[in-house]
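So the sequence shown is residues 1 to 255, counted in full-length UniProt numbering. Glycine included, C-beta positions come from ideal geometry on N, C-alpha and C. Below you'll find the structure, written out as structure tokens, and then a few comments.
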Amino acid sequence: MNQCPRGWCIIVNNVHFTNQKLNRRGAEEDEKNLKELFEALSFKVDIRRNLSNHGLEKVAQEFGAKNHSVYNAFVFIVMSHGGDRDSILGVDGRETNVKNLMVEYLEDNCPSLKDKPKVFIIQACRGCRNDFGKFSSSSSADDFNSQLVATSSQAQIGFQPCDTGVSPDSTLPRSVFPTEANFVLAFSTAPGYVSHRNREHGAWFIQAMVKVIREYHHRHHLLDMLTEVTRLVVERRKSVQVPAPMDTLTKLLYL
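Below, the structure written as structure tokens:
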């Protein structure tokens, strides 16, 4: 990519919810790190916080309506609670679906992004299953659990969001993914699983992504970097969280 700025990077960070039991401690750290990363990569960063489900959709519509002709790419990052069927929770407790955001960037709706990479990154649970696997001998279960955000209170409400205090997101249903070329959709975990978030340092997936892109962007393309992100998350304390990237890119994307 040779334009400067390279394009818009939208960061939606839902931290404070109407139901305060759902507040996402540690998410501010993810926001800060993502902002620094994408600004260093010469993207124009726009941060939106604490959006309702309609607020999420309006932001997608707002940037889908912009003229991206002078830019090389587009990045849309959402950090919130999530649930089954790839829904995302607004701070008002109402859901929207990932596809409701992505549809605004299809060729018919956003022609100025035709043939350009459109990257969607979703840090959210995709269910409530949680399998921590085996603990390594170097860390105790008590030490591990002390870093997690409990999900029991979240499971008691109707939406069933399970973005844990560390929070699991992996394979994508094809129905969610656009049939057009040049999309990337990277969930932080597999369908049905929670996505781990540390109360102090942020989400495992976002931590790994920032680390890998910061270190390797000048010599590795995005899909290779997402593979490395998956490795780091899967190996972390032997927990079963498998990030789930999917793409229809027609060219290698270097950030």
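In the DSSP assignment, the alpha helix (DSSP H) including residue i goes from what residue to what residue?
i    : result
R214 : 204-216
L232 : 222-235
N33  : 27-40
L56  : 53-64
For the putative contact between residue i and residue j, defined by C-beta atoms under 8 Å, what is the C-beta separation to the nearest angstrom?
i    : j    : result
V98  : I88  : 6 Å
A186 : P243 : 7 Å
V12  : A27  : About 11 Å separates the two Cβ atoms, so there is no contact after all.
G82  : C125 : 5 Å
R6   : A73  : 6 Å
E104 : G64  : 3 Å
T96  : E57  : 6 Å
S69  : S112 : 5 Å
L252 : V184 : Between V184 and L252 the Cβ distance is about 12 Å, and since that is not below 8 Å, they are no contact.
V233 : V212 : Contact flag wrong, Cβ pair sits at about 10 Å.
D30  : I206 : 4 Å
V78  : N50  : Going by Cβ atoms, the distance from V78 to N50 rounds to 12 Å, so no, they are not a contact pair.
V210 : N33  : 5 Å
C9   : K44  : 7 Å
R48  : R197 : So it is not a contact: roughly 19 Å between Cβ atoms.
K116 : E107 : Incorrect: roughly 10 Å between the Cβ atoms, too far for contact.
H217 : L255 : 4 Å
Which partner residues of residue i appear in the DSSP bridge assignment?
i    : result
M79  : N13, Q123
P245 : A186
A73  : G7
Y193 : R129
K118 : F74, F183
E95  : L89
Could you please give the first and the last residue of the uninterrupted beta strand (DSSP E) stretch that includes residue i?
i    : result
D46  : 43-49
N100 : Per DSSP, N100 belongs to no beta strand (DSSP E); it is in the alpha helix (DSSP H), 98-102.
L89  : 87-89
Taking only beta-carbon atoms, is residue i less than 8 Å away from chain B?
i   : result
E28 : Judged by its chain identifiers, the structure shown contains no chain B, having just a single protein chain.
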